[in-house]
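Q:
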Amino acid sequence: MNYTRRDALVIGAGAAVAVAMPFRAFAERHADAISAFTGGADVAQTGVELTAPEIAENGNTVPISVAADGASEIIIFAVGNPVPEVIKFTFGPRSGASSAATRCRLAGTQDLIAVAKMADGSFAQATVNVKVTIGGCGG
Amino acid sequence: MAENVKPRVRVPRSAAAGEAFEIKSLISHIMESGRRKDSDGNTIPRSIINTFTCDFNGENVITAELHGAISTNPYFQFEATIEEAGTFTFTWLDDDGSVYTDSKDIALA
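The listed protein sequences correspond, in order, to chains A and B. Anchor point for the first sequence: position 56 equals 91 in the working numbering, and the numbering is continuous, going up by one each time. Anchor point for the second sequence: position 41 equals 33 in the working numbering, and the numbering is continuous, going up by one each time.
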């Protein structure tokens, strides 16, 4: 079978779109969730400290901790999980510091994003990449 | 109802007024994410603890909204401050409607 140059271009473009589409849908879900939390406000890139291991051997229990001075709420997303939301912390009047630690499941190597809502209504976020050896979704 | 759910918390016996100190909590729970399948290919329904709260004398310390991505036996570590002696109460809400509670007294140092 002979392909002309034009055929090859059309097929190539179609394949590129087909590959890109599910990926885009995946990326948009956490972006939607973040903008639902921030209400579309500007998000600063400093002021939040998100700690996670660089390499997690077991995706079933990945220790993570987050701290943001003056934050009233912190929400954590795992960009590559089937459900991007991980946890939302709300700090009350008896809280000693706007920091918390827990353990989460990660489906594979991906970015973790923490978005903090400050007491003055502004937002800040931090991103950490975690390499996962064995995914933790049991799928 | 999830079985053998046992809450455990660690709170210092006493703390100085206005000084932040650490609280750790752990509860044994399977945290079934709702994404796993059994050997017949049927999805195992989600069964997780969806909310955790810690209060001190009726005032909130921290509230956490949990999703399926939280590991089996959810663990939390956070900080609190007190101005007077009192009681910390911890509450975990299960998807199936169960409520697990624990409490710890603390004195002023």
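C-beta atoms are modelled at their ideal positions from N, C-alpha and C, and glycine is treated no differently. Computed from a predicted model, the values in this text were never measured in an experiment.
Starting from A:S134, trace the beta strand (DSSP E) both ways and give me its first and last residue.
A: Boundaries of the beta strand (DSSP E) around A:S134: 130 to 139.
Q: Tell me the residue span of the beta strand (DSSP E) that contains B:G78.
A: 78 to 86
Q: If you draw a straight line from the C-alpha of B:S20 to the C-alpha of B:V91, how long is it?
A: 13 Å
Q: Take A:E92 as the anchor and find which of A:V121, A:G115, A:R140 has the nearest alpha-carbon.
A: A:R140
Q: Is the CB of A:N164 under 8 Å away from at least one CB in chain B?
A: no
Q: Suppose contacts are defined by Cβ-Cβ distances below 8 Å. Is A:I76 in contact with A:F158 by that definition?
A: Ile is not the amino acid found at residue 76 of chain A; the sequence shown has Ala there. Cβ atoms of A:A76 and A:F158: closer than 8 Å.
Q: Can we say the region 150 to 168 of chain A touches the region 90 to 109 of chain A, given the rule of at least three CB pairs closer than 8 Å?
A: yes
Q: Of all the options A:P117, A:V83, A:A135, which has the alpha carbon lying nearest to the alpha carbon of B:A56?
A: A:A135
Q: For B:A7, count neighbouring Cβ atoms within 10 angstroms of its own Cβ and tell me buried if that reaches 16, exposed if not.
A: buried
Q: For A:A154, does the three-state DSSP call read helix, strand or coil?
A: Collapsing the DSSP output to three states places A:A154 in coil.
Q: Compare the Cα-Cα distances from A:V121 to each of A:G131, A:R129, A:V97 and report the closest residue.
A: Of the candidates A:G131, A:R129, A:V97, the one whose C-alpha sits nearest the C-alpha of A:V121 is A:V97.
Q: Throw me the rounded Cβ distance for the B:I54 and A:T137 pair, which I believe falls under 8 Å.
A: That pair is no contact at about 11 Å.
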